[in-house]
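Read top to bottom, the protein sequences are chains A and B. Here the first sequence is numbered in the working numbering, starting from 1 and rising by one per residue. Here the second sequence is numbered in the working numbering, starting from 111 and rising by one per residue.
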Amino acid sequence: MKNLDPTTIWIVIASLAVGSFALRFVFIGLVGGRTMPDWLLRHLRYTAAAIIPAMVAPLVVWPSATDGKPDLAHMSAAAAALAVGYITRNVIFGIIGGAATLYGLLYLAG
Amino acid sequence: MALPFGMLFGVLATEAGLSVVQTMSFSAAVFAGAAQFTALHLLNDNAPTIVAILSALAVNLRVAMYSASLTPYLGAAPLWQRVFAAYFTIDQSYACSMMQFEKEPRMKVSERLRYFFGVVSPLTPAWLVATYLGAVVGTRIPESWGLDFALPITFLAMIGPMLRTPAHVVAALVAIVVALLSTTVPFNLGLLIAGCAGMMAGARCEVILDRRRAAA
């Protein structure tokens, strides 16, 4: 991996610190007891379930380790991580399942 | 949860070139695993800084939803206590507290706050210590271990538990399709377009399913 510019990293950390706190504080701190419009809460419910798959899909279809060519080991590891995470409802088990599949297949492929 | 997840962040952050101090500041100041991994990935991917920030905040929008649903229970507390409650609003403190508050509607606000901080107080040090251990270990892991697929696997493992309802599945599928179609959009903006599309699809699906259930 490459070296990142320290200024950029600090800008990202500071912005995310302020932004994340603002997101957490906005309702409990500022809005107080007033009720929120349903449509807003309904959209907020699906943000993480949309953004994270959107981020990961291109990485799985075109993995950087093989210079962007789709390959069996990475596809299988991706499927295992997703399936184990879904079935066990546990992120850590999902990660272990995906990693074991990846290293297992890479080892078998020599 | 906090332990392995924090360690993994520490390892991957230092692998990406962050110093131990930067990695620790990240975990302490942002205190949101999924958002931290998102920012890390996009920085690594040479995305523009503003896109990395916006995407990470988008992943973290759910804490605004947590904040909204905790408000009826904790909104009457003094401001300084709400400031702390806001900082400590994470998946675990939200989920445990909401279960308890719904089960015991007669709890006083002060009792609710004590419960909320009780849930989060062992998690915070665990998250920071784990990040630190991961960061120290991460500086010693050789490149040959092929950790470049660790972030995708982490994200994939996070998706499973998020797919709680058919609407969540629809949100994820729409986002994936749009993301794959928009990879040529510059500045990684395809990610935000796909995220918006998935979010709207999920919300729309929820409305349709609710209507069907009401009609049945």
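For each residue, glycine too, the CB sits at the ideal point set by N, CA and C.
Residue i (DSSP reduced to helix, strand or coil)
i	result
B:Met217	coil
B:Phe141	coil
A:Tyr46	coil
A:Trp62	coil
A:Asp67	coil
B:Val169	helix
B:Asp201	helix
B:Pro271	helix
B:Phe320	Looking at the sequence provided, one finds Asp at residue 320 of chain B rather than Phe. B:Asp320: helix per DSSP, three-state reduction.
B:Pro296	helix
A:Leu4	coil
A:Arg89	coil
A:Pro37	coil
B:Leu128	coil
B:Arg250	coil
B:Leu118	helix
A:Gly110	coil
B:Asn156	coil
A:Gly29	helix
A:Gly97	helix
B:Ala260	helix
B:Pro188	coil
B:Ser330	Because chain B here runs from 111 to 326, residue 330 of chain B falls outside it and cannot be looked at.
B:Ala326	coil
A:Val56	helix
Neighbour flag for residue i against chain E, beta carbons, 8 Å
i	result
B:Met117	Reference to chain E is not applicable here, since the protein chains of this structure are A and B.
Chain B contact for residue i (CB, 8 Å cutoff)
i	result
A:Met1	The pLDDT assigned to A:Met1 is 45, lower than 50, so where the model puts this residue is not dependable; a value taken from the coordinates is nonetheless given after this. So yes, A:Met1 belongs to the interface.
A:Leu23	yes
A:Ala109	no
Closer than 8 Å to chain A by CB, residue i
i	result
B:Thr294	no
B:Val173	yes
B:Gly305	yes
B:Ala162	yes
B:Ile251	no
B:Ser177	yes
B:Ile269	yes
B:Pro262	yes
B:Phe259	yes
B:Ala240	no
B:Leu180	yes
B:Glu316	yes
B:Thr159	yes
B:Gly185	yes
B:Gly312	yes
B:Gly54	Outside the displayed span of chain B (111 to 326) sits residue 54 of chain B, for which this structure offers no information.
B:Ser165	yes
B:Pro114	yes
B:Gly244	no
B:Gly308	yes
B:Ala326	no
B:Ala236	no
B:Ala227	This sequence places Phe at residue 227 of chain B; Ala is not what is there. B:Phe227 does not count as touching chain A.
B:Phe297	no
B:Leu233	no
B:Leu301	yes
B:Leu290	yes
B:Leu319	no
B:Val230	no
B:Leu223	no
B:Val169	yes
Name, going along the chain, the residues of the segment 193-216 of chain B whose beta-carbon falls closer than 7 Å to a beta-carbon of chain A. Val193, Ala195, Ala196, Tyr197, Thr199
What residues from the segment 127-151 of chain B come within 8 Å of chain A, judged by C-beta to C-beta, listed N to C? Gly127, Leu128, Ser129, Gln132, Ser135, Phe136, Ala139, Val140, Phe141, Ala142, Ala144, Ala145, Gln146, Thr148, Ala149, His151: these are the residues of the segment 127-151 of chain B whose beta carbon lies less than 8 Å from some beta carbon of chain A, given in chain order.
Taking a cut of 9 Å between CB atoms, which residues from the segment 33-56 of chain A lie near chain B? Gly33, Arg34, Thr35, Met36, Trp39, Leu40, Leu41, Arg42, His43, Leu44, Arg45, Tyr46, Thr47, Ala48, Ala49, Ala50, Ile51, Ile52, Pro53, Ala54, Met55, Val56
Can you give me, in chain order, the residues of the segment 7-19 of chain A that have a beta carbon less than 8 Å from any beta carbon in chain B? Thr8, Ile9, Trp10, Ile11, Val12, Ile13, Ala14, Ser15, Leu16, Ala17, Gly19
Where the segment 92-104 of chain A meets chain B: residues whose CB sits under 7 Å from a CB there: Ile92, Gly94, Ile95, Gly98, Ala99, Leu102
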